[in-house]
Amino acid sequence: MKRRGHFRLAPHGTLNLMLFAMGLIALLLANPAHAERIKDIARFAGVRANALTGYGIVVGLSGTGDQNLEFTIQSLKSAAARLGVLIPPNIAPQLKNAAAVMITAELPPFAKPGQRVDVTVSALGQAKSLRGGTLLLAPMQGADGEVYALAQGNLAVGGFGAEGKDGSKIVVGTPSSGRIPGGASVERSVASPFAGSAELHLDLIDQDFSTARSVTDAINMALGGIAASTLDAATIAIAAPADGAARMALAARIESLEVRLAPPPARVIVNARTGTVVIGGEVRILPAAIAHGNLTVRITENQEASQPNALGGGNTVITQQSSVDASEAPSRMQLFQPGARLNDIVDAVNALGAAPGDLVAILEALKAAGALRAELTVI
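At position 111 of the sequence shown (counting the first as 1) the number is 128 in our numbering, and the numbers step up by one without a gap.
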């Protein structure tokens, strides 16, 4: 004899717990948690690059230099004098193979003497191309006027240009600018407040009170106690040990922590030059109706020949015939329901058949009417 299967109902409390767990899983699947590393949303104060600039001479060009610019001639004479070569004052060399340039670079944080950094070299005068040139030794200064690096080396130029004898020319890219990988040697380090301060200050890249509070809570939970405190919407102060190794270990641990961020502010970014429109996911629309229509005006020009009678004499005359026609596409109206989100806005704009330029006008009109709950930024 075969036994029949027996089923036993779960107790009422267990059933409720199962339903709650299923609902929680469904909620998590519908709204997946998104966490960011602290190193991606914040930077430690004092850990920053410093801009360096310099002036120099590029030589070895194939006839594409500054020709006879006075300041280029003076610079070349000074460079030659430092090497013991004196050019008579009454001689003005034609510098087709040399060019005056500006040199820029970024000194990384914690850079030490002897390290190499990349430099960018750009023509200052009328040099047409720096291809094949060599930068002579040039000092690079910081904002305080002190020399922090020395630059020298062969240029790598991506663009090129060609010119014919009849004046025709073609230019691809920017041949008047180039780079020297590792072209500058660091001669002086920059003191950083990271190693000597009693506290570490963590600066948020995007200022936000909710994010600052979330970062503070995450640090205190990981370190225990009240190790971090929020100073403002952009800065978190963290108690740090005096020992350098322990301070570095603390910074590395904080950077690897993950923080669940609050939704960003509602923003609409409009690029007026390209017509690009970016609408944030938190943008809301109050009840509003939009009508959009296209007016098209066509002007047609036709030329006709008026041929006189052959026996009567006269000349053939070209007459101009113009016609103007105006037509307007059927206007459609789209209604936004309360609390419309990003997908509703996109669907409505597509239904209206609006181009990117028309979309900018629609958004500006919604903002002026008070129906757009977002910050409208035009760049």
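Note that the Cβ used here is the ideal one computed from N, Cα and C, for glycine as well. All of these numbers come straight from a predicted model, not from anything done at the bench.
For residue 154, which residues from the same chain have a beta carbon less than 7 Å from its beta carbon, with the 5 sequence-adjacent residues on both sides left out? Answer for residue 154: 167 and 169, listed in chain order.
For the alpha helix (DSSP H) containing residue 207, name the first residue and the last one. In this chain, residue 207 is not harboured by any alpha helix (DSSP H), its DSSP state being neither H nor E.
Provide the residue span of the alpha helix (DSSP H) that contains residue 253, from first to last. Per DSSP, residue 253 lies in no alpha helix (DSSP H); the unbroken beta strand (DSSP E) holding it starts and ends at 252 to 256.
In this structure, how does DSSP classify residue 232 when only helix, strand and coil are distinguished? In the structure shown, residue 232 falls within a helical segment according to DSSP collapsed to helix, strand and coil.
With a CB to CB cut of under 8 Å and the five nearest residues on each side skipped, what residues in its chain are close to residue 97? If we look at residue 97 and ignore the five residues flanking it on each side, its Cβ neighbours are 103 and 104.
For residue 134 and residue 76, what's the separation of their Cα atoms in angstroms? Computed Cα separation, rounded: 21 Å.
Exposed unless 16 or more other CB atoms sit within 10 angstroms - verdict on residue 380: Result: buried.
Less than 8 Å separating the beta-carbons of residue 8 and residue 136? This structure gives no information on residue 8, because the portion of the chain shown stretches from 18 to 396.
Out of 205, 226, 260 and 275, which has the shortest C-alpha to C-alpha gap to residue 125? Ranking 205, 226, 260 and 275 by Cα distance to residue 125 puts 205 first.
Based on Cα-Cα distance, which residue from 84, 239, 131 and 283 lies nearest to residue 270? Nearest to residue 270 by alpha-carbon distance, out of 84, 239, 131 and 283, is 239.
Is the beta carbon of residue 82 closer than 8 Å to that of residue 115? Yes, the pair counts as a contact, with Cβ atoms nearer than the cut-off.
Assigned secondary structure, residue 467 (DSSP; H/G/I helix, E/B strand, else coil): In the structure as shown, the chain begins at 18 and stops at 396. Residue 467 is therefore absent and cannot be evaluated.
Have a look at 193, 99, 62 and 87 and flag the residue whose alpha-carbon is nearest the alpha-carbon of residue 120. For residue 120, the closest of 193, 99, 62 and 87 by C-alpha to C-alpha distance is 193.
Whole angstroms is fine: what's the gap from residue 215's alpha carbon to residue 65's? Straight across, the Cα-Cα distance linking residue 215 with residue 65 is about 19 Å.
Going by beta carbon distance, what residues of the same chain come within less than 6 Å of residue 278, once the five residues before and after it are set aside? Taken in chain order, the residues that qualify are 53 and 228.
For the putative contact between residue 286 and residue 396, defined by C-beta atoms under 8 Å, what is the C-beta separation to the nearest angstrom? That belief holds up - the Cβ atoms of residue 286 and residue 396 are roughly 7 Å apart, short of 8 Å.
Could you check which residue in 283, 248, 232 and 290 has the C-alpha nearest to that of residue 272? When only C-alpha atoms are compared, the closest one is 232.
CB residue 63 to CB residue 226, shorter than 8 Å? In this structure, residue 63 sits away from residue 226, with a CB-CB distance that is not shorter than 8 Å.
In DSSP terms, what residue 224 is bridged to: Bridge partners of residue 224: none, in fact.
Starting from the Cα of residue 253, find the closest Cα among 106, 208 and 230 and give me that residue. It is 230 whose Cα lies nearest to the Cα of residue 253.
Under three-state DSSP, which class holds residue 386? Here residue 386 sits in coil by DSSP.
Three-way DSSP call (helix, strand, coil) for residue 416 in this model: The chain is shown from 18 up to 396; residue 416 falls before or after that span and cannot be answered.
Quick one: using the 10 Å Cβ neighbour count with 16 as the cut-off for buried, is residue 262 buried or exposed? Exposed is the call here.
What number of angstroms, rounded off, separates the C-alpha of residue 72 from the C-alpha of residue 106? If I take the Cα positions, the gap works out to 22 Å.
Could you spell out where the beta strand (DSSP E) holding residue 248 opens and where it closes? Here residue 248 belongs to no beta strand (DSSP E), and DSSP marks it neither H nor E.
Who are the near neighbours of residue 159 in its chain, counting only those whose CB is closer than 7 Å to its CB and skipping five residues on each side? Closer than 7 Å at Cβ, skipping near neighbours: 67, 69 and 165.
Is residue 290 buried or exposed, if buried means 16 or more other CB atoms sit within 10 Å of its CB? The C-beta of residue 290 has fewer than 16 other C-beta atoms within 10 Å across all chains shown, which makes the residue exposed.
Rounded to the nearest angstrom, what separates residue 281 and residue 217 at their Cα positions? Distance between the alpha carbons of residue 281 and residue 217 is about 26 Å.
Where are the beta strand (DSSP E) runs, 3 residues long or more, that stay fully inside the segment 78 to 149, in chain order? The segment 78 to 149 is shown to contain whole beta strand (DSSP E) runs of 3 or more residues at 115 to 124 and 133 to 140, in chain order.
Contact defined as beta carbons within less than 8 Å: I believe residue 401 pairs with residue 388. What is the distance between those atoms, to the nearest angstrom? Residue 401 is absent from the model: the chain starts at 18 and stops at 396.
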